[in-house]
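Below is one structure; the comments refer to it alone.
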Amino acid sequence: MVVFGLLEVKVFKPFIYLLRYPVIRQNLFVLISFLLKSTMFKKTIFLLLFLFHFSVSSQEQISLISWNIRDFGKTKNSEELDRMAEIVRDADIVAIQEVVTGYGGAQAVAKLADNLNRKGAKWDYVISNPTNSPKYVTERYAFIWKTKNIKIKNRGALISELDSLVDREPFFLDFYFKGRKLSVINFHSRPHDKNPEREILAITDYLKSDDFQHPIILAGDFNVDQKEEVFIGLRTQGYNATVIDAKTTLKQSCATTDGYLNYPIDNIFYSNKIVLKSGYVIDFVKACENISKARELSDHLPVLLNFSIKELTE
Numbered sequence: 036m037v038v039f040g041l042l043e044v045k046v047f048k049p050f051i052y053l054l055r056y057p058v059i060r061q062n063l064f065v066l067i068s069f070l071l072k073s074t075m076f077k078k079t080i081f082l083l084l085f086l087f088h089f090s091v092s093s094q095e096q097i098s099l100i101s102w103n104i105r106d107f108g109k110t111k112n113s114e115e116l117d118r119m120a121e122i123v124r125d126a127d128i129v130a131i132q133e134v135v136t137g138y139g140g141a142q143a144v145a146k147l148a149d150n151l152n153r154k155g156a157k158w159d160y161v162i163s164n165p166t167n168s169p170k171y172v173t174e175r176y177a178f179i180w181k182t183k184n185i186k187i188k189n190r191g192a193l194i195s196e197l198d199s200l201v202d203r204e205p206f207f208l209d210f211y212f213k214g215r216k217l218s219v220i221n222f223h224s225r226p227h228d229k230n231p232e233r234e235i236l237a238i239t240d241y242l243k244s245d246d247f248q249h250p251i252i253l254a255g256d257f258n259v260d261q262k263e264e265v266f267i268g269l270r271t272q273g274y275n276a277t278v279i280d281a282k283t284t285l286k287q288s289c290a291t292t293d294g295y296l297n298y299p300i301d302n303i304f305y306s307n308k309i310v311l312k313s314g315y316v317i318d319f320v321k322a323c324e325n326i327s328k329a330r331e332l333s334d335h336l337p338v339l340l341n342f343s344i345k346e347l348t349e
């Protein structure tokens with residue numbers, strides 16, 4: 036390149052010319068030896084290498100939040116949407132359940148994405164079609180993600196193969212992170228008294244296909260604790276739960292004796308092509324006196340998964 040050629044002429048050639056003199060070579064050798072023996076120099080080099088490694092490692096990690104936002108639609112006002120944006124802003128991908136199918140559902144997702152866009156990063160979103168369900172249980176799913184490192188090639192789809200086996204068929208979307216394919220399945224099961232175990236088994240069988248040999252995440256509200264026997268099949272296939280014995284739903288009121296948390300039914304399951312870095316429930320309530328205000332957003336807490344992908348995929 037021209038610039039490099041100029042640098043070579045103006046900098047490197049004069050420097051090489053000076054090295055012809057023994058006294059300069061000797062002094063340069065003494066200087067390098069001194070620096071290598073210097074504790075401060077070694078600490079500086081170590082710090083620079085550590086920061087570089089941390090920076091590269093951080094760039095390779097992805098964070099995903101799964102959140103059942105109760106009746107996510109026109110009932111959420113601007114202040115509540117801004118509070119939601121603050122809760123999820125540090126994630127790369129957000130999977131949302133319980134977006135209403137009527138007027139206001141799609142608009143609420145768009146407003147949440149707009150709130151996030153005004154906080155620094157650029158975000159995009161997709162919303163599923165309404166699930167093929169009875170009117171009183173049908174809903175939409177949504178994904179919101181940061182566009183800097185996360186890309187998509189299509190707008191995703193509801194899994195029609197599961198239509199007859201579940202009340203609300205899951206929403207499937209392929210993401211691409213630095214050329215690596217990551218599929219995320221967004222799911223909201225039927226209530227705990229309506230046999231959600233049957234739906235979980237149906238999804239488990241669906242994931243046995245050879246089409247799912249790349250990194251897969253199954254996120255959502257399962258209405259079943261991850262420790263129950265129904266999840267043995269998923270574990271046998273190499274899936275792990277992000278959180279263990281972590282309550283994710285909120286009581287209607289708070290008694291100081293047993294707190295404000297109820298059931299451990301939301302989770303994120305990740306395949307063996309994914310490496311867990313950390314995972315936890317985001318408790319935005321924090322104290323009993325905040326329970327009413329918190330339930331304005333949802334009766335569920337978000338679950339967060341920090342992870343990396345083991346290998347390159349298509």
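Count along the sequence shown starting at 1, add 35, and that's the number in my numbering.
Glycine residues also receive a C-beta, built at the ideal position from the N, C-alpha and C atoms.
What you are looking at is a predicted structure, and each value in this text was computed from that prediction instead of being measured.
Considering only the alpha carbon of each residue, which of the options lies closest to residue i?
{"i": "D125", "options": "N325, S333, I317", "result": "I317"}
{"i": "G137", "options": "K282, G155, P165", "result": "P165"}
{"i": "L269", "options": "D256, A281, F304, Y298", "result": "F304"}
{"i": "L151", "options": "E133, L116, I185", "result": "L116"}
{"i": "W102", "options": "E264, I220, L197", "result": "I220"}
{"i": "L99", "options": "H227, G314, K321, R215", "result": "G314"}
{"i": "N302", "options": "A276, N230, K170, Q248", "result": "A276"}
{"i": "F257", "options": "K243, D228, A156", "result": "D228"}
{"i": "A145", "options": "Y171, E324, K111, K183", "result": "K111"}
{"i": "S341", "options": "A290, Q287, K328, V278", "result": "Residue identity check: residue 341 is Asn in the sequence provided, not Ser. When only C-alpha atoms are compared, the closest one is V278."}
{"i": "C323", "options": "D198, V265, S244, K286", "result": "K286"}
{"i": "F207", "options": "R215, S288, N189", "result": "N189"}
{"i": "S288", "options": "G191, G214, A329", "result": "A329"}
{"i": "G214", "options": "D198, S244, K183", "result": "K183"}
{"i": "G139", "options": "A290, Y298, S113, K312", "result": "S113"}
{"i": "G173", "options": "A156, D198, T239", "result": "The residue asked about is misnamed: residue 173 is Thr in this sequence, not Gly. The residue with the shortest Cα to Cα distance from T173 is D198."}
What residues are listed by DSSP as bridge partners for residue i?
{"i": "K342", "result": "The question names Lys, yet the displayed sequence has Phe at residue 342. Answer by DSSP bridge pairing, in chain order: I97, L311."}
{"i": "Q132", "result": "N103"}
{"i": "D209", "result": "S218"}
{"i": "L236", "result": "L236 pairs with nothing; no bridge assigned."}
{"i": "V161", "result": "F178"}
{"i": "I279", "result": "For I279, which the question treats as bridged, DSSP gives no partner whatsoever."}
Under three-state DSSP, which class holds residue i?
{"i": "L242", "result": "coil"}
{"i": "R190", "result": "coil"}
{"i": "R118", "result": "helix"}
{"i": "I220", "result": "strand"}
{"i": "R175", "result": "strand"}
{"i": "D334", "result": "coil"}
{"i": "D202", "result": "coil"}
{"i": "I267", "result": "helix"}
{"i": "S113", "result": "helix"}
{"i": "D301", "result": "strand"}
{"i": "D228", "result": "helix"}
{"i": "S92", "result": "At S92 the pLDDT is 44, less than 50, meaning the model places this residue with poor confidence and gives no usable figure here."}
Below 8 Å between beta carbons: does that hold for residue i and residue j?
{"i": "L193", "j": "A237", "result": "no"}
{"i": "D260", "j": "I300", "result": "yes"}
{"i": "D127", "j": "K181", "result": "yes"}
{"i": "D209", "j": "I185", "result": "no"}
{"i": "Y295", "j": "I326", "result": "yes"}
{"i": "L336", "j": "R118", "result": "no"}
{"i": "I162", "j": "P250", "result": "no"}
{"i": "I97", "j": "F212", "result": "yes"}
{"i": "I344", "j": "L253", "result": "no"}
{"i": "A143", "j": "G108", "result": "yes"}
{"i": "N167", "j": "E204", "result": "yes"}
{"i": "K154", "j": "A177", "result": "no"}
{"i": "V338", "j": "T283", "result": "yes"}
{"i": "E196", "j": "Y160", "result": "no"}
{"i": "H223", "j": "E95", "result": "no"}
{"i": "S306", "j": "G273", "result": "yes"}
{"i": "D202", "j": "R233", "result": "no"}
{"i": "D334", "j": "R105", "result": "yes"}
{"i": "V123", "j": "V129", "result": "yes"}
Can you name the start and end residues of the alpha helix (DSSP H) that residue i belongs to?
{"i": "A145", "result": "140–152"}
{"i": "K328", "result": "326–330"}
Just to confirm the assignment, what range does the beta strand (DSSP E) spanning residue i have?
{"i": "G294", "result": "294–296"}
{"i": "L253", "result": "251–256"}
{"i": "L285", "result": "285–290"}
{"i": "V320", "result": "Looking at the DSSP string, V320 is not in any beta strand (DSSP E), and its letter there is neither H nor E."}
If we define contact as Cβ-Cβ less than 8 Å, is residue i a contact residue for chain C?
{"i": "S327", "result": "Absent from the structure is chain C; it holds one protein chain and no more."}
Taking 7 Å as the cut-off, is the CB of residue i close to at least one heavy atom of the ligand NAD?
{"i": "L217", "result": "With respect to the ligand NAD, the structure shown offers nothing to examine, as it has no ligands at all."}
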